[in-house]
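S.K.: First residue of the sequence shown? That's 4 in our numbering, and the numbers climb one at a time after it. C-beta: ideal position from N, C-alpha, C; glycine also. Okay, handing you the structure first.
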Amino acid sequence: MKKIFSFPKSLKKVPNHYCPGCGHGIVHRLITEVIDELNIREKIIAVAPVGCAVIAYDYWDFDCSEAAHGRALAVATGIKRVQPEKIVFTYQGDGDLAAIGIAETLYAANRGENLTTIFINNAVYGMTGGQMAPTTVLKQKTTTTPLGRGSNNEGPPLKVSEILAGLDGVCFVERNAVCSPAQVLKTKKAIKKAFENQLEGKGFSLVEVLSMCPTCWGKSSEEAVKWVEEEMVKSFPLGRIKG
């Protein structure tokens, strides 16, 4: 019988620390599947900063580097410039990439650094207790917006993908999700395209992934999936934005 499914070589067989229903584990696997399919495991270097994925190196069986909060793309830029033959990517959450790291994000993208960024958007600061993030949607309740995010006080959520798509150095931007099997497959396809762009030297690529955070949202796993499908996509429409 032909084998059509197997455990990725680039993914370690270890228990993970993510909460039940979290989307990080799904995206971790998709990245390793793509790396194996492209046969770039010996060339890949991941950069993970502070956030829920700070110990991604516990799960990925390839070279990884940590970065200070928000500085992943600065670190990745240095690695790529010193070792241009390597395939370098960052794995960042919304608080990291869009808040403390927004300057590094904008300027790395604007320079057209030949890098790949996987941007996990769960609309909240997950690791530090569920505070409002730049991507928290209007009316969403968090520990720092107990009455819900307001358009007058906090302003609307920051649409990072649309902002970056307007920069000349950016070659590819796509937003997907991991709330259904169909979306998981689309997310994997986008991640593969982003790595292929780097292999071809096309410049900066970003894949935004809408991900569930049941714990900080105060929802069950099933409710979190439904919230992404019915509410989150209103603020963050899915699909190809550039490239």
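1) Which residue marks the beginning of the beta strand (DSSP E) containing Leu213, and which one marks its end?
2) Enumerate, from N- to C-terminal direction, the unbroken alpha helix (DSSP H) stretches of 4 or more residues contained entirely within the stretch 84–154.
3) Residue range of the beta strand (DSSP E) that Lys245 falls in?
4) Which same chain residues, not among the five before or five after Cys253, have their C-beta less than 6 angstroms away from its C-beta?
5) Give me, in chain order, the residues of the same chain whose beta-carbon lies closer than 8 angstroms to that of Thr139; leave out the 5 immediate sequence neighbours on both sides.
6) Determine the direct distance from the alpha carbon of Leu202 to that of Gly54, and round the result to whole angstroms.
7) Once DSSP output is grouped into helix, strand and coil, what is the label at Asp64?
8) For the stretch 47–62 against the stretch 9–22, do three or more pairs of beta-carbon atoms, one drawn from each stretch, fall closer than 8 angstroms, so that the two count as touching?
9) Hey, quick one: how far does the alpha helix (DSSP H) through Arg32 stretch, first residue to last?
10) Would you give the residue range spanned by the beta strand (DSSP E) that Ala180 belongs to?
11) Is the number of C-beta pairs between the stretch 214–232 and the stretch 57–75 that are closer than 8 angstroms three or more?
12) What span of residues does the alpha helix (DSSP H) with Ile166 cover, start to end?
13) Applying the criterion that 16 or more other CB atoms from any shown protein chain within 10 Å of the CB defines a buried residue, is Leu33 buried or exposed?
14) Spell out the partners DSSP gives Val50 in its beta bridges.
15) Provide the residue span of the alpha helix (DSSP H) that contains Cys219, from first to last.
16) Just the C-alpha distance for Pro109 and Ile90, rounded to the nearest angstrom, thanks.
17) Here's a check: name, in chain order, each residue in its chain whose Cβ is nearer than 7 angstroms to the Cβ of Lys205, leaving out the five neighbours to either side.
18) How about Ala51 and Cys25: are their beta carbons less than 8 angstroms apart?
19) Here's the rule I'm using: 16 or more other beta-carbon atoms within 10 Å means buried, otherwise exposed. How should Thr35 be labelled?
20) Do Glu234 and Cys182 have their C-beta atoms closer together than 8 angstroms?
21) Report yes if the CB atom of Asn124 is closer than 8 angstroms to the CB atom of Leu170, and no otherwise.
M.R.: Taking the geometry as given:
1) Phe207 to Leu213
2) 105–113
3) Gly242 to Lys245
4) The requested residue 253 does not occur in the structure, where the chain is confined to residues 4 to 246.
5) Ala126, Val127, Thr145, Thr148, Arg152, Glu157 and Pro160
6) Straight-line spacing of the CA atoms in Gly54 and Leu202 works out to 27 angstroms.
7) The DSSP-derived three-state label of Asp64 is coil.
8) Taking 8 angstroms as the limit for Cβ pairs, the verdict is that the stretch 9–22 does touch the stretch 47–62.
9) DSSP places Arg32 in the uninterrupted alpha helix (DSSP H) bounded by His27 to Leu41.
10) Val173 to Ala180
11) Contact between the stretch 214–232 and the stretch 57–75 is absent, because fewer than three Cβ pairs lie under 8 angstroms.
12) Judged by DSSP secondary structure, Ile166 falls within the alpha helix (DSSP H) whose first and last residues are Val163 to Ala168.
13) Taking all protein chains shown into account, Leu33 has 16 or more neighbouring C-beta atoms within 10 Å of its C-beta and is therefore buried.
14) Ser68 and Thr93
15) Pro217 to Trp220
16) In the sequence as displayed, the identity of residue 109 is Leu instead of Pro. Taking the straight line joining both Cα atoms gives about 20 angstroms.
17) Only Cys174 meet the Cβ criterion.
18) No, the Cβ-Cβ distance between Ala51 and Cys25 is not below 8 angstroms.
19) buried
20) no
21) Contact check for Asn124 against Leu170 fails: the beta carbons are separated by 8 angstroms or more.
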